[in-house]
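One structure is given below, encoded as structure tokens.
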Amino acid sequence: MSVIIVGGGMAGATLALAISRLSHGALPVHLIEATAPESHAHPGFDGRAIALAAGTCQQLARIGVWQSLADCATAITTVHVSDRGHAGFVTLAAEDYQLAALGQVVELHNVGQRLFALLRKAPGVTLHCPDRVANVARTQSHVEVTLESGETLTGRVLVAADGTHSALATACGVDWQQEPYEQLAVIANVATSVAHEGRAFERFTQHGPLAMLPMSDGRCSLVWCHPLERREEVLSWSDEKFCRELQSAFGWRLGKITH
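Going by UniProt numbering, the sequence shown opens with residue 1, and the numbers climb by one from there.
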């Protein structure tokens with residue numbers, strides 16, 4: 001019997017690789033994914049960047065994944081936390097904790113391509129991509145998954161890793177609780193006149209928190225939260241207006257925000 005994983009995003013792909021590594025390929029894994037990352041249409045491997053904590057990177061190294069991601073990652077060596085309108089701030093430095101880095105920033109489109117390259121040669125992993133689940137039949141001892149391609153898979157464990165609004169979880173009658181934040185998160189890659197030098201920033205503003213993560217090529221990945229009622233206003237800003245508003249909220253710690 002095998003493990004069937006539906007969804008090949010970060011969660012599903014790393015789970016498949018972990019099972020392969022820890023079982024030495026003895027436990028068969030079927031990974032079903034509708035969209036190949038090479039198509040640049042995978043919603044989980046788009047142009048966003050994410051921060052991985054040092055402990056997460058260590059676990060990824062343990063299952064042989066981090067070694068394939070390290071050369072496209074940007075180290076976070078310092079985290080600067082501040083509150084707009086207040087003079088105080090907190091700085092966390094990796095060296096204070098005897099770490100080379102507090103975390104690493106990776107761009108998801110790079111991660112997707114590298115994870116799938118590992119999956120294609122991982123012992124015990126069969127990749128069904130592109131393909132989708134057409135039907136699921138469960139018994140007390142196993143589960144049967146029929147794919148749109150017509151293939152039927154049998155397994156002891158079925159994992160729903162197909163996103164926040166999981167179609168598989170819904171089909172299987174799995175309930176979940178959702179709590180709205182009533183916030184809009186604006187995500188962008190920005191350039192600044194002063195090099196980030198591995199510094200990440202979190203700043204609390206009157207409208208919501210703002211984070212800047214160091215990226216490759218001197219860029220920064222921005223996540224800027226606003227109340228939902230500001231949605232139309234924020235999305236109507238021109239690039240120049242956006243940079244001015246961001247400069248006012250973030251300050252000049254990285255010099256001028258150029259674009």
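Every residue gets a Cβ at the ideal spot worked out from N, C-alpha and C, and that includes glycine.
Query: Outcome for L102 when other beta-carbon atoms lying within 10 angstroms are tallied against a minimum of 16; Result: buried
Query: Range covered by the beta strand (DSSP E) that runs through R230; Result: Where R230 is concerned, there is no enclosing beta strand (DSSP E), given that its DSSP letter is neither H nor E.
Query: Any 3 or more C-beta pairs closer than 8 Å across the stretch 198-212 and the stretch 223-237; Result: yes
Query: Per-residue burial, C172 [other beta carbons within 10 Å of its own, 16 or more giving buried]; Result: exposed
Query: N- and C-terminal bounds of the beta strand (DSSP E) containing H30; Result: 29-32
Query: Outcome for V125 when other beta-carbon atoms lying within 10 angstroms are tallied against a minimum of 16; Result: buried
Query: Continuous alpha helix (DSSP H) assignments of at least 4 residues falling wholly in the stretch 154-236; Result: 167-171, 231-235
Query: Cβ shell of R132 (< 6 Å), same chain only, five flanking positions each side left out; Result: A34, E148
Query: Three-state secondary structure assigned by DSSP to G150; Result: coil
Query: N-terminal and C-terminal residue of the beta strand (DSSP E) that R138 is part of; Result: 133-138
Query: Contact check, L153 vs I4, beta carbons under 7 Å; Result: yes
Query: Span separating the alpha-carbon of L92 from that of I257; Result: 23 Å
Query: Under 7 Å between C-beta atoms of L17 and V65; Result: yes
Query: Cβ pair P180, A36 closer than 7 Å; Result: no
Query: Nearest neighbour of H30, chosen from Q59, V111, R138, P123 [CA to CA]; Result: P123
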